Amino acid sequence: MAVPTQRPTDRKVLLMATCLCDAFYDDVACATVEILERLGVEVLFPEDQTCCGQPAFNSGDWKASRQVARHAAKVFAGDLPVIVPSGSCAAMHFHGHKLQFEECPEPAVDSLANRTWELIDFIVNGLGITAWEGAFDAPTRLAFHRSCHTRGTDTGEAVTTLLSSIRHAEVVPFGQQDQCCGFGGTFSVTFPHISGRMGSLKLDHILDQQPDLLVSADMSCLMHLTGLARVQGRPVPHRHVVQVLRDTLTRNP
Amino acid sequence: MTGRQPIDTYARAISEEKQHSVSSGSASSTDKRYSILHQDYADPDALRRLASRIKDHTLHHLDRYLEQAEASLQRNGARVHFADSADDARDTVLSILRERGITRLTKSKSMASEEIHLNPHLIEHGIECLESDLGEFIIQLDDDVPSHIVRPIIHKNRREIANTFRREGIAEDYNDDPATITRRARVFLREKYMQAEAVITGGNFISAESGRLVLVTNEGNSRFGMAPSRVHVALVGIEKIVPTDADLGVFLNLLGRSATGQQLTVYTEFISGPRDDSQPSGPEELHVVLMNNGRTDVLASNCREILRCIRCSACQNVCPVYRQASGHAYRATYGGPVGAVLSPLLAGDRFPELADLPKASSLCGACNEVCPVDIPIPDLLLRLRDKAKREHVPQPGNLPMAPFAALATSPSLWRTAMTMSKAMNHLPLQVAPVRPLQDWLGQRSLPEWHGGDFRKWMKQRSGEDRGTAEAPRNAEVS
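Read top to bottom, the protein sequences are chains A and B.
Position one of the first sequence corresponds to residue -9 (the working numbering), numbered consecutively onward.
Position one of the second sequence corresponds to residue 8 (the working numbering), numbered consecutively onward.
(1) Buried or exposed for alanine 439 of chain B, please, with buried defined as at least 16 other CB atoms from any protein chain shown within 10 angstroms of its CB.
(2) If the cut is a Cβ gap below 9 angstroms, which residues of chain A does lysine 39 of chain B touch?
(3) Would you mind sorting serine -5 of chain A into buried or exposed? The rule is 16 or more other CB atoms within 10 Å of its CB.
(4) With the cut-off set at 8 angstroms, would you say glutamate 131 of chain B and leucine 148 of chain B are in Cβ contact?
(5) Comparing the C-beta of cysteine 94 of chain A with each C-beta of chain B, is any distance below 8 angstroms?
(6) Does the CB of arginine 411 of chain B have a neighbour CB from chain A at under 8 angstroms?
(7) Tell me which residue opens and which closes the beta strand (DSSP E) that valine 87 of chain B is part of.
(8) Within 8 angstroms of any Cβ in chain B, is that where the Cβ of methionine 82 of chain A sits?
(9) Buried or exposed, going by whether 16 or more other CB atoms sit within 10 Å of the CB of glutamate 398 of chain B?
(10) Where DSSP assigns a beta bridge to threonine 426 of chain B, which residues make up the other side?
(11) Are any of the Cβ atoms in chain A nearer than 8 angstroms to that of glutamine 12 of chain B?
(12) Counting pairs of beta carbons, one from the stretch 216 to 226 of chain B and one from the stretch 270 to 278 of chain B, are three or more of them closer than 8 angstroms?
(13) Please report whether the beta-carbon of glutamine 166 of chain A lies at a distance below 8 angstroms from any beta-carbon of chain B.
(14) Using C-beta distances below 7 angstroms, list every residue in its chain close to arginine 158 of chain B, excluding the 5 sequence neighbours before and after it, in chain order.
(15) So the alpha helix (DSSP H) cysteine 211 of chain A belongs to, where does it begin and stop?
(16) Of all Cβ atoms in chain A, is any one closer than 8 angstroms to the Cβ of cysteine 371 of chain B?
(17) Which residue wins for smallest C-alpha separation from valine 238 of chain B, given the options B:Lys114, B:Ile43, B:Arg166?
(18) In angstroms, rounded to a whole number, what distance separates the CA positions of valine 303 of chain A and histidine 85 of chain A?
(19) Closest by CA to alanine 54 of chain A, which one among B:Asn405, B:Ala415, B:Leu436?
(20) Apply the 10 Å Cβ neighbour rule to glutamate 121 of chain B and answer buried if 16 or more other Cβ atoms are within range, or exposed otherwise.
(21) Just reading off the beta strand (DSSP E) that aspartate 127 of chain A is part of, what are its end residues?
(22) Using a Cβ-Cβ distance cut-off of 8 angstroms, determine whether lysine 396 of chain B contacts chain A.
(23) In the structure shown, what three-state DSSP assignment does alanine 67 of chain A receive?
(24) Pull up the distance between the alpha-carbon of leucine 104 of chain B and that of arginine 187 of chain A, whole angstroms please.
(25) Could you name the residues of the stretch 22 to 41 of chain A whose beta carbon sits closer than 8 angstroms to any beta carbon of chain B, in the order they occur along the chain?
(26) Does the beta-carbon of cysteine 378 of chain B have 16 or more other beta-carbons within 10 angstroms, so that it is buried, or is it exposed?
(27) Our contact map puts leucine 117 of chain A next to leucine 34 of chain A with C-beta atoms below 8 angstroms; I'd like the distance itself, whole angstroms only.
(28) Where DSSP assigns a beta bridge to isoleucine 207 of chain B, which residues make up the other side?
(29) Taking only beta-carbon atoms, is leucine 389 of chain B less than 8 angstroms away from chain A?
(30) To which residues of the same chain is arginine 86 of chain B closer than 6 angstroms at the C-beta, ignoring the five residues directly before and after it?
(31) Apply the 10 Å Cβ neighbour rule to arginine 193 of chain B and answer buried if 16 or more other Cβ atoms are within range, or exposed otherwise.
(32) So, is valine 441 of chain B buried or exposed, given that buried needs 16 or more other C-beta atoms within 10 angstroms?
(33) From which residue to which residue does the alpha helix (DSSP H) around tryptophan 447 of chain B run?
(34) I'd like the ranges of any beta strand (DSSP E) spanning at least 3 consecutive residues and lying wholly in the stretch 382 to 415 of chain B.
(35) Could you tell me the distance, in whole angstroms, from the CA atom of tyrosine 329 of chain B to the CA atom of glutamate 27 of chain A?
(36) Is the beta carbon of serine 368 of chain B closer than 8 angstroms to that of leucine 388 of chain B?
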C-alpha cells in the first residue's frame, strides 16, 4: 500500500463523503462533519463530488475509472487535506490512482493522492488526538472489523487507540481477524457464492464473541455483513467508528 | 453480464468435505506461519522487504546471474542445459534419460515439472516415473493433479487416501490412521528407490556464486532418490537463481516459516555437483535444466514482480477465495493468489482462457501481507484485469462500467439519480430482473436508501446557524 508520507494537516479540510454515505449512510457523513468541527476543523463539502471510481477500477475498466479519478481530482483541487470516512475509498485515492496512472501520471490526480486521509487516521495522526473523552453508559463490547483496504496504513491502530480510550468500552478480539468480510465491491455480485461464504464465516467469528456493537471504518464491509446477518436472522448492531465517537460524546456531554 | 464466474461456480459445486479439508488445512498453516515469524523475529516485515530486494536485484540482472550460475555449475562438474519452451524442457529431460538407457526413476516434488506435465510425457515414452513425495505419490495413484503448491493433497482426507491405498494394492486392508498410511507408503517406496536408475528433482534455489543447488523437503525423498541413482536431473525455473550463498540464509529462513511454520524444513540439501571419488554413493552425473517456459515474457511485462515467488504457498493458505474454492478451481498448475497472476501470464497466447483468474479476488491484500518476498499481488491482479479489458478479451460475468463512469462524471445527473433512487425503497427489488441485484439480494438485504439526505443536511446547516439542523440517525440494527 502506497501511503503518502507528507500529507497536509490543515484545520480546514475537504470532505469526500463517499457514494455509500451519499446513497445510504448519511448519518456517517453527518457524524464526520460534527466530529471534525468539534475538533476545530472547518469542513468544506464540494457539491460536485461523486465517487472514487473503484467499481470501474476493480473491474479492469481503467479507461472509465481514470475519467472518474480526473473528475475527483478537479472537484477536490487545491492544497487542503481530503478527508474520507472510508479506508477503502481513501486507499483508492492514494494507492489505486497511482496504480492506474503509473504509465500516464497527471499532476492533479497525484495531488489528490498525496492529500487524502482516511478519517480516523487523520484524527489520530493528522490532528494528534490519541484519546477520546467519550463514554458508554454501561460496559460495551466492541468488535472492530479492520477493513482490508486499511492494511498497510495507520488506520487500524488509530481506531483501536481511540475506541480503547472510550470509557466503558472494551475492544474484543475475534477469530481470523485478518480475513476479508467478502464484500470486495463488484466481487460481491460477480462471485456471489464465495462472497457470501466469506461473509458468513466472518459473522460466525464476530458473533462468537457476542459483541454489543460491530464497528468499522468502512461502511461497505458493514453493509455486506449486516445485510447477510439480517437475512440469516441474526442481526448485529453496527456503527461506523465516527458514529461511536459522536454518540459516546452526546450521551455524556 | 449473464454468465457467472467459473471459479464461483466451481466453489459452489465442491463438496462440504473437500471445502472443509482445504480451508482448515490452509488456516492452520496461516496460524503457524504467523506465530513462528513473530516468535523468531522482532520485525518479520524487514526480512520480507530484504528478500524482495534481493529477488528484484537478481531479476533485474538475470542475464548476468544466469551466466554466472552456468559457469559455477559447470565448475562443480554439472552439465547445464537451457530449455526455452515446455517442449524443449520435456525433450531435454527425455533425451538425457534415453541416451543413458534409463527406464526407471523416482521424482521428488517439483512444480516446474507439473508446469510442463513431465510425468505423462516420460511415461508415454516408456520410462517408469514414480513420485516419491507422499502427497504427489497419492496424486499419482489417483490420477489427480495437485491443488496446492506445498500440500498437493490438501483437498483430500485420510479416508480417501486409505481407500486409494487399498484399491491400488499398496495396502491389503483399509486403514486410515495417518501413521499407518505413511508407513505403508514408505515400505512401498523404499523398494522403488533401490530399483531406480535416475532421480528427477526441482530446485528451490541456485547460488550463482557457488553453483550450489538447494533442495528442501520434509520427507528426505529427494535424498533417498539420489542415493542409488546414476543420474540426477534437476529441472529449475530460471528465476530460482540467487546471487550468493549468503542470500540463501535469508530465503531459507523465510521459506520454511512461510510455508509450513517450520524454522527450516527437515531436509535442506546443498548439492555441489555430482558425486566425487571420496563419496561412496550418489549420482555420477548431475544435469541442471534451466527452464524459461514463458518467464522472460513475464519479466518483460508489468507483472514481473511475480517472478520473485519462492513457491511457499503462504498466499494460498491465507486467501479466503482459495479456502472456499480450492486450488483445482483455477484450472492451472498454480492456483490461489500466485496462480491467479502467474497462470494467465505463463499461458502466453492462451491468456484469454485464464483471464477470469485475476478476478477471483476481493482484493483484500492478505496475500501481499504474508508474502515472504512482498509481491504486491493485488496490484498485479488489477493490472491483469486492465490487460484483459485492453485486449478485448470476452469477459462473461463482468459488469459494464461505462454507464457508471458517465454518471460519476456528471455531478447534476449524479445528484438527481441519488434522490430519484429513493423510489427503490418502495419497489419489490427481490423480483427485479437485474442479475447483479439478484445476486446481492439472494443472500443479503440492502439498507434503506437515503440518497441525497446528507447533501440536504449540509445545505440546511450552511443556510441556518451551525449546529441547529438535526442529524438524521440510521437505525443501529438493520
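Idealized CB from N, CA, C, for every residue including glycine.
Being a predicted model, the structure only gives us computed values, none of them experimental.
On the basis of the supplied data:
(1) As a first step, residue 439 of chain B is located in the second sequence; it is residue number 432 there, counting from the start. Exposed, since its Cβ has fewer than 16 Cβ neighbours within 10 Å.
(2) As a first step, residue 39 of chain B must be located in the second sequence, where it is residue number 32. None at all; the shortest Cβ gap to chain A is about 14 angstroms.
(3) Locating residue -5 of chain A in the first sequence gives position 5, counting from the first residue. According to the sequence shown, residue -5 of chain A is threonine rather than serine. So threonine -5 of chain A ends up on the exposed side.
(4) Start at 1 with the first residue of the second sequence, and residue 131 of chain B comes out as number 124. Start at 1 with the first residue of the second sequence, and residue 148 of chain B comes out as number 141. No, they are not a contact pair.
(5) Here the question's residue 94 of chain A lines up with position 104 in the first sequence. No, no contact with chain B.
(6) As a working note, residue 411 of chain B is residue 404 in the second sequence. Note that residue 411 of chain B corresponds to phenylalanine in the displayed sequence, not to arginine. Yes - at least one Cβ of chain A is within 8 angstroms of the one on phenylalanine 411 of chain B.
(7) In the second sequence, counting from the first residue as 1, residue 87 of chain B sits at position 80. Unbroken beta strand (DSSP E) run through valine 87 of chain B: 86 to 90.
(8) Mapped onto the first sequence, residue 82 of chain A falls at position 92. Not one chain B Cβ lies under 8 angstroms of methionine 82 of chain A.
(9) For this step, residue 398 of chain B is matched to residue 391 along the second sequence. With fewer than 16 other Cβ atoms within 10 Å, it is exposed.
(10) On the second sequence, residue 426 of chain B is found 419 positions in, with the first residue counted as 1. Per DSSP, none; premise fails for threonine 426 of chain B.
(11) For the purposes of this step, residue 12 of chain B is taken as residue 5 along the second sequence, with counting starting at 1. Closer than 8 angstroms to some Cβ of chain A, the Cβ of glutamine 12 of chain B qualifies, so yes.
(12) yes
(13) Along the first sequence, one-based indexing puts residue 166 of chain A at 176. Yes - at least one Cβ of chain B is within 8 angstroms of the one on glutamine 166 of chain A.
(14) Within the second sequence, numbered from 1, the residue matching residue 158 of chain B stands at position 151. Hits under 7 angstroms: Gly32, Gly142.
(15) For the purposes of this step, residue 211 of chain A is identified with residue 221 of the first sequence, where counting begins at 1. Taken as a continuous stretch (DSSP letters only), the alpha helix (DSSP H) holding cysteine 211 of chain A covers 209 to 221.
(16) Indexing the second sequence from 1 puts residue 371 of chain B at position 364. So yes, cysteine 371 of chain B belongs to the interface.
(17) Taking the second sequence and counting its residues from 1, one reaches residue 238 of chain B at position 231. Valine 238 of chain B has its Cα closest to that of B:Lys114, out of B:Lys114, B:Ile43, B:Arg166.
(18) No information on residue 303 of chain A is available, as it lies outside the stretch -9 to 243 that chain A covers here.
(19) The sequence position of residue 54 of chain A within the first sequence is 64, counting from 1. Among B:Asn405, B:Ala415, B:Leu436, the Cα nearest to that of alanine 54 of chain A belongs to B:Ala415.
(20) Here the question's residue 121 of chain B lines up with position 114 in the second sequence. Label assigned to glutamate 121 of chain B: buried.
(21) As a position in the first sequence, residue 127 of chain A is number 137, starting the count at 1. Unbroken beta strand (DSSP E) run through aspartate 127 of chain A: 125 to 135.
(22) Along the second sequence, read from residue 1 onward, the residue named residue 396 of chain B stands at position 389. Interface residue, yes.
(23) Here the question's residue 67 of chain A lines up with position 77 in the first sequence. Reduced to three states, the DSSP call for alanine 67 of chain A is coil.
(24) For this step, residue 104 of chain B is matched to residue 97 along the second sequence. For this step, residue 187 of chain A is matched to residue 197 along the first sequence. Cα to Cα, the separation comes out at about 49 angstroms.
(25) Val23, Glu24, Glu27, Phe35, Glu37, Asp38, Gln39, Thr40, Cys41
(26) On the second sequence, residue 378 of chain B is found 371 positions in, with the first residue counted as 1. Buried: at least 16 other Cβ atoms inside 10 Å.
(27) Sequence index remark: in the first sequence, residue 117 of chain A carries index 127 (1-based). Sequence index remark: in the first sequence, residue 34 of chain A carries index 44 (1-based). No, leucine 117 of chain A and leucine 34 of chain A are not in contact; Cβ-Cβ is about 16 angstroms, not under 8 angstroms.
(28) Along the second sequence, one-based indexing puts residue 207 of chain B at 200. For isoleucine 207 of chain B, which the question treats as bridged, DSSP gives the partners B:Lys114, B:Val240.
(29) Position 382 of the second sequence holds residue 389 of chain B. Closer than 8 angstroms to some Cβ of chain A, the Cβ of leucine 389 of chain B qualifies, so yes.
(30) As a first step, residue 86 of chain B must be located in the second sequence, where it is residue number 79. So the qualifying residues of the chain are His294.
(31) For the purposes of this step, residue 193 of chain B is identified with residue 186 of the second sequence, where counting begins at 1. Arginine 193 of chain B is exposed by the Cβ-count criterion.
(32) Residue numbering aside, residue 441 of chain B sits at position 434 when the second sequence is read from its first letter. The residue is exposed, with fewer than 16 neighbouring Cβ atoms inside 10 Å.
(33) The residue given as residue 447 of chain B occupies position 440 in the second sequence. Looking at the DSSP string, the run of the alpha helix (DSSP H) that includes tryptophan 447 of chain B is 442 to 448.
(34) none
(35) Translated into the one-based positions of the second sequence, residue 329 of chain B becomes position 322. Translated into the one-based positions of the first sequence, residue 27 of chain A becomes position 37. Each residue's alpha carbon lies about 44 angstroms from the other.
(36) Position 381 of the second sequence, counted from the start, is the residue given in the question as residue 388 of chain B. Position 361 of the second sequence, counted from the start, is the residue given in the question as residue 368 of chain B. Yes. Within cutoff.
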